[in-house]
Structures are given as structure tokens and as C-alpha cells.
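Reading the sequence shown from the start, the letters are residues 1 to 67 in full-length UniProt numbering.
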Amino acid sequence: MSDSQPPHHGNPLIGQTNGDTIESLYNYIEYLCLSADGDGTTHPGMALSLQLVLGAVDSLKGRERIE
Numbered sequence: 001m002s003d004s005q006p007p008h009h010g011n012p013l014i015g016q017t018n019g020d021t022i023e024s025l026y027n028y029i030e031y032l033c034l035s036a037d038g039d040g041t042t043h044p045g046m047a048l049s050l051q052l053v054l055g056a057v058d059s060l061k062g063r064e065r066i067e
């Protein structure tokens, strides 16, 4: 793969390292959580699910720093 092509068919969430990918996922899910919290039409179960996934990704951030 050349440097001019984005990794993984242009998926902006997948970085060069696992740490980069985890950080991208965390930031995106955090954005989705904020959007869901501010949107009166989002089902409460969806907002709760997003918070659950955000917490799981956050735990990966801690593991990435340890390893």
C-alpha cells in the first residue's frame, strides 16, 4: 500500500496503529453520544447503547497505554 492511499479502503476510523484506531473510534462514538443526547428523537436505548460502547472503547485506551 502506498502512502497516498488511505488504509483499509478509506475508512477514516482505522489508523496506522491500534492506538490510532482506538482513539478514532473513541472520538467518533463520543461524537455520536453527544449528538444522541442533544437529539430529542433518539431512542433512549440507542443513547444507552452508545454509552456502553464508548465505555468499552475507553477501557481499550487504557490497555493500549499499558502495553
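The beta-carbon is built from N, C-alpha and C at its ideal position, and this holds for glycine as well.
Which first and last residues belong to the alpha helix (DSSP H) in which residue i is found?
| i | result |
| --- | --- |
| I29 | 18-37 |
Under 8 Å by Cβ, that's how I've got residue i and residue j pegged, so tell me the actual separation to the nearest angstrom.
| i | j | result |
| --- | --- | --- |
| K61 | I14 | Their Cβ separation, rounded to whole angstroms, is 16 Å, which puts K61 and I14 out of contact at 8 Å. |
| residue 92 | A47 | Outside the shown range of the chain (1 to 67) lies residue 92, about which nothing can therefore be said. |
| Y26 | D58 | 6 Å |
| C33 | L54 | 6 Å |
Against chain D, with Cβ distances strictly below 7 Å, would residue i count as a contact?
| i | result |
| --- | --- |
| I29 | Reference to chain D is not applicable here, since this structure consists of a single protein chain. |
Run the CB neighbour count on residue i, radius 10 Å, all protein chains shown included, and call it buried at 16 or more, exposed below.
| i | result |
| --- | --- |
| L50 | buried |
Which value, in whole angstroms, describes the spacing of the CA atoms of residue i and residue j?
| i | j | result |
| --- | --- | --- |
| P44 | Y31 | 16 Å |
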